[in-house]
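Enquirer:
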Amino acid sequence: MKRFIKISATPCQENGSSRVQIRKEFYLNIDLIGVIEGENIFPKEGTLLKVNDGYFKEIKLVEKINLQDL
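Our numbering applies: residue 293 is where the sequence shown begins, and numbers increase by one.
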């Protein structure tokens, strides 16, 4: 069973605004995921993902996954 999936996301401010459109790739623990819809990922808590001191939006799968493996 996979515990982490590779995603890409756009860094943003706490209010969701962002100045740069450079996406970051990293691995996300599946326990933080509320919904997977196609390639889009929606966090359990709100619309933004908080990682350490940063916020991310527009979260997408980088690699195709078999949802039954999660």
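Ideal placement from N, C-alpha and C gives every residue a C-beta, glycine not left out.
Round the Cβ separation of Ile328 and Lys352 to the nearest angstrom and send it over; I've been treating them as touching at under 8 Å.
Expert: The Cβ separation is near 10 Å, so there is no contact.
Enquirer: Please determine, among Val343, Gln313 and Val312, the residue with the shortest C-alpha to C-alpha distance to Ile325.
Expert: It is Val343 whose Cα lies nearest to the Cα of Ile325.
Enquirer: Whose C-beta lies closer than 8 Å to the C-beta of Ile314 among residues of the same chain, with five residues either side of it excluded?
Expert: If we look at Ile314 and ignore the five residues flanking it on each side, its Cβ neighbours are Thr302 and Pro303.
Enquirer: Return the CA-CA distance between Glu262 and Val312, expressed in angstroms with no decimal places.
Expert: Since the first and last residues shown for the chain are 293 and 362, residue 262 lies out of range.
Enquirer: Can you give me the C-alpha to C-alpha distance between Leu340 and Phe348, rounded to a whole angstrom?
Expert: Taking the straight line joining both Cα atoms gives about 6 Å.
Enquirer: Considering Cα atoms alone, identify which of Glu306, Lys336 and Ile299 is closest to Tyr319.
Expert: Among Glu306, Lys336 and Ile299, the Cα nearest to that of Tyr319 is on Ile299.
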